[in-house]
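Worksheet: one structure, shown below.
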Amino acid sequence: MKIFSNQHHHLHHGQHEMFRGRLVDCHEVPQRLDHVLSELAKRPVGQLLTPPTNLNLDAALSSVHTIDYLTFLATAWDEWVKLSPDNASRDALPSVWPLPGQHAFRMDKPPLNFAAKLGQYAFDSGTPLMSGTWTAAREGAACAVAAAQAMLAGEMATVALTRPPGHHAGSAYMGGYCFLNNAAIAAQYLRDHGLQRVAVLDIDYHHGNGTQAIFDERADVYTVSIHGDPQTEYPFYLGHADERGTDKGEGFNLNLPLPKGSSFETWYATLHEALQVVTDFAPQALVVPLGLDTYEGDPISGFKLKSADYLKVGRVIAELQLPSLFTLEGGYAVADFGINTVNVLEGFQT
Ligand code: Q9C
Ligand code: ZN
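For the sequence shown, the numbering used here gives the first residue as 2, with consecutive numbering after it.
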């Protein structure tokens, strides 16, 4: 197993996220990844690597994200500080958005004001952007590309061990602590380098709305997601069972929402359903956006998986016998995050 870890993840360390009318401490903190690394030091399930520096990263990023959005991300911090020098000590968070309908976005008059631009490219006020965000997110995407390259070179299991996470990010928006969609970047990289069919199996607690949207009209990348029912759970609005893909992509998206509070037994039965669908698609590779926020101890989620269950999760995914690439997504029970993550990887290996 080749594990590409993001050496620059610490550069992204949000202070606050907006929650019910006030700013609360961020859940998505650097210690999350540090816990995985210290667990891997105890249980070395794979080879720890850093992505090569000669990747054609810009091409990989723009195969999934728009140039406008990438330019926005690359320049956002400088623009934020230009609004006011005091902003240098504050996270950038949006506070105004265009809505469809009455307050629609005028393509012919894109906002010049940076606060308005933030709302154009973000779908929530819980995803702080700071000075190191772009560098950290970019290096995370480099981990995903390196993992895809290693897979194409014959590895059966590769990991993009990174934060910030990615599966909520769309082609032109950030949100849900995500900026660049690492799983989508990896899947697209595999498509662009010879594979015909790739499946994405998202097992984060939250619906992978960004990944679904990116591949919505595509029949070559089958997206499956098991998640808390979006009628009550973040990211809301998208992730319902009747969303099966659009146009050519019809029949190539599957959402398996479960009620908040679902047990491991329920979740695991649903995982088997998802695995059958993946098998029927007969992909040449599998990308797994791996969230550990399905854990019973997660502070913001509602499923009931226990640490030992993650060994089974890894094991049953391995039974597909597909080259598999994991991207690290959510999971906010920080102290147990390392154990749970490494359990999935160890389960996959055994
Ligand atoms: N107070 C991922 O797991 N906030 N993103 C929910 C919590 C957004 C989760 C409200 C949760 C985003 C990658
Ligand atoms: Zn999540």
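Cβ atoms here follow ideal geometry from the backbone N, Cα and C, with glycine treated the same way.
DSSP places Ser39 in the uninterrupted alpha helix (DSSP H) bounded by 32-43. For Ile318, same chain residues with a beta-carbon under 7 Å away, outside a window of 5 residues either side, are Val289, Ser325, Phe349 in chain order.
Nearest to Arg164 by alpha-carbon distance, out of Arg219, Arg21, Gly141, Val345, is Gly141. Residues Glu18, Tyr178, Pro300, Ile301, Tyr333 of the same chain have their beta carbon placed closer than 8 Å to that of His28, with the five preceding and five following residues left out of the count.
For Leu12, the closest of Ala138, His273, Asp205 by C-alpha to C-alpha distance is Ala138. If you check the C-beta of Asp294 against the ligand Q9C, you find a heavy atom less than 6 Å away.
Within 10 angstroms of the beta-carbon of Tyr238 lie fewer than 16 other beta-carbons, which makes it exposed. Beta-bridge partners of Glu18 (DSSP): Val25. Distance between Val65 and Trp81, taken at the CA atoms: about 25 Å. Look at which beta carbons fall closer than 5 Å to any heavy atom of the ligand Q9C; those residues are Phe20, Gly127, Pro166, Gly177, Tyr178, His207, Tyr235, Ile301, Glu330, Gly331. Contact annotation: Ala143 and Leu58 have beta-carbon atoms nearer than 7 Å. With a threshold of 16 other beta carbon atoms within 10 Å, Arg21 falls short and is exposed.
Distances from the alpha-carbon of Trp78 to those of Leu291, Asn88, Lys3 put Asn88 closest. Of all alpha-carbon atoms in Asp337, Ser264, Glu266, Leu74, the one lying nearest the alpha-carbon of Thr128 is that of Leu74. Burial is judged here by how many other beta carbons sit within 10 angstroms of a residue's own beta carbon; Gly102 has fewer than 16 and is exposed.
His36 sits close to Gly339, with the two beta carbons spaced by under 7 Å.
Phe115 places its beta carbon 7 Å or farther from that of Leu94. Between Gln277 and Ala214, the alpha-carbon positions lie close to 22 Å from each other. Under the DSSP assignment, Asp203 falls outside any alpha helix (DSSP H), being part of the beta strand (DSSP E) whose first and last residues are 199-203. Cβ neighbours of Thr342 within its own chain (closer than 6 Å, five residues either side excluded): Val37, Leu293. Counting along the chain, the unbroken beta strand (DSSP E) around Ser325 starts and ends at 325-329.
For Asp221, the Cβ stays outside the 6 Å cut-off from all heavy atoms of the ligand ZN. Taking all protein chains in view, the Cβ of Met2 is crowded by 16 or more other Cβ atoms within 10 Å, so the residue is classified as buried.
Secondary-structure assignment with DSSP links Cys179 through a beta bridge to Gly176.
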